[in-house]
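Chains as they are written, first to last, in the working numbering: chain X, 2 to 83; chain D, 4 to 278. Note that CB positions come from ideal geometry on N, CA and C, so glycine has one too. Written below as structure tokens is the structure these notes are about.
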């Protein structure tokens with residue numbers, strides 16, 4: 002391989018590498034969040050949800066948190082329906 | 004009739020043309036192969052360097068460069084196909100038409116020569132295609148080391164550190180996260196019964212998707228044992244798959260049921276012979 006050919010392959014690879022690095026990732030930079038805990042209060046009476054009374058309806062004032070019916074998932078089960 | 008009494012067909016110019024076309028084709032493919040080798044040899048260390056340099060957890064810069072390189076190689080492949088379709092195949096047809104009928108013995112020598120030419124050219128093209136595939140496979144396997152075990156252990160330590168540090172948003176009572184959750188989940192406050200939503204950190208959420216790769220890294224020696232067995236021993240594959248899934252389940256125990264179904268399917272797929 003001649004030196005000129007070697008150089009052109011190297012410069013091509015260098016360009017390709019720079020392009021690959023400089024191109025912005027789809028969705029932008031990844032945001033790293035810390036673990037956290039939140040509570041979803043009832044907007045009508047400010048009571049928190051209690052699992053014993055189900056998660057879909059406020060046990061105190063009857064406000065509907067969600068209109069869907071829960072099915073069995075990994076952590077949420079059917080019994081969590083109000 | 005049938006050319007029995009015809010003079011022998013003689014066309015030295017055609018023989019010369021066949022020789023030249025064959026030579027050109029071989030030289031052309033030699034050159035392409037040389038460029039392919041140069042590109043692969045130079046690109047592999049660059050790809051590995053980029054993999055290590057890339058800070059993105061999905062190594063997307065590395066995949067972009069890999070895509071660019073495979074694109075280059077498929078252009079070479081395309082060039083060879085075009086040259087074959089433009090120069091070799093039309094030449095074969097054109098030469099065949101000027102030769103005496105195939106069933107007469109007059110042009111036997113030429114037909115044989117043409118057949119040898121065709122076989123040699125096609126065989127050379129197959130060799131080139133094999134080289135292209137080898138090159139692409141070599142580029143694809145040129146990755147840096149991503150030791151997922153280290154990442155996993157770091158997250159385990161991190162989880163141990165934070166698991167008792169949460170408090171209920173309703174009453175401020177102390178919450179304990181019982182086990183490592185990979186997706187958002189409800190945690191009930193033991194004091195006021197309020198339902199708190201615990202969202203794990205982004206890094207722990209990512210671990211959920213790396214669990215299979217990590218399990219594969221842990222059991223790579225078993226897969227290698229299976230790959231090296233001659234003839235390939237399905238019992239070894241099952242042994243590998245079982246331990247891989249056991250490792251996977253150890254990392255994400257919540258997915259046990261789903262993983263088991265997946266295990267059965269992979270095992271079944273493996274026993275089906277595709278011809």
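Would you mind telling me which residues of chain X sit closer than 9 Å to residue 53 of chain D, beta carbon to beta carbon, in chain order?
18, 21 and 22
With a 10 Å radius around its C-beta and 16 neighbouring C-beta atoms as the bar for buried, classify residue 78 of chain X as buried or exposed.
exposed
By the 10 Å Cβ neighbour count, where 16 or more other Cβ atoms means buried, how is residue 11 of chain D classified, buried or exposed?
exposed
Residue closest to residue 68 of chain X, alpha-carbon to alpha-carbon, out of X:59, X:42 and X:35:
X:59
Would you report the Cα separation of residue 74 of chain X and residue 267 of chain D, rounded to the nearest angstrom?
21 Å
Interface partners of residue 178 of chain D on chain X, CB under 9 Å:
38
Could you give the distance in angstroms between the alpha-carbon of residue 20 of chain X and the alpha-carbon of residue 129 of chain D?
33 Å
Output needed in chain order: residues of the region 35-60 of chain X with a Cβ under 7 Å from some Cβ in chain D.
35, 36, 37, 38, 39, 40, 41, 49, 50, 51, 52, 53 and 56
Rank D:193, D:150 and D:117 by C-alpha distance to the C-alpha of residue 219 of chain D and give the top, closest one.
D:150
Threshold first: 4 residues or longer. Then list the alpha helix (DSSP H) segments lying entirely within the region 34-107 of chain D, N to C.
63-86 and 92-101
Residue 26 of chain X: contacting residues in chain D (beta-carbon distance under 7 Å)
59 and 63
One or two residues paired with residue 169 of chain D in a DSSP bridge:
D:178
Could you pull the DSSP bridge partners for residue 38 of chain X from this structure?
D:201
Terminal residues of the beta strand (DSSP E) in which residue 191 of chain D lies:
188-191
Using a Cβ-Cβ distance cut-off of 9 Å, determine whether residue 203 of chain D contacts chain X.
yes
Beta-carbon spacing of residue 54 of chain D, residue 140 of chain D below 9 Å:
no
Taking the alpha carbon of residue 6 of chain X as the point to measure from, which residue in D:31, D:27 and D:40 has its own alpha carbon closest?
D:40
Ignoring anything shorter than 4 residues, give me the alpha helix (DSSP H) runs that lie fully in the region 204-246 of chain D, in order along the chain.
205-221 and 223-231
Look at residue 269 of chain D and residue 239 of chain D and say whether their C-beta atoms are less than 9 Å apart.
no
Per the DSSP calculation, residue 1 of chain X is bridged to which residue(s)?
No answer is possible for residue 1 of chain X: the residues shown for chain X start at 2 and end at 83.
Give the interface partners of residue 110 of chain D over in chain X, defined as CB-CB distance under 8 Å, in chain order.
Ordered by position in chain X, no residue passes the 8 Å Cβ test against residue 110 of chain D, which lies about 44 Å from the chain.
With 16 other Cβ atoms within 10 Å as the buried cut-off, status of residue 110 of chain D:
buried
Do we get a CB-CB distance below 9 Å when we pair residue 156 of chain D with the residues of chain X?
no
Nearest to residue 167 of chain D by CA position, among D:114, D:258, D:192 and D:148, is which residue?
D:192
Just checking, does the region 204-218 of chain D make contact with the region 157-164 of chain D on the three C-beta pairs under 8 Å criterion?
yes
Return the first residue and the last residue of the alpha helix (DSSP H) that residue 136 of chain D is part of.
111-143
Give the straight-line distance between the Cα atoms of residue 95 of chain D and residue 84 of chain D, rounded to the nearest whole angstrom.
15 Å
Return the CA-CA distance between residue 255 of chain D and residue 58 of chain D, expressed in angstroms with no decimal places.
25 Å
C-alpha distance - residue 71 of chain D paired with residue 78 of chain D, whole-angstrom precision
11 Å
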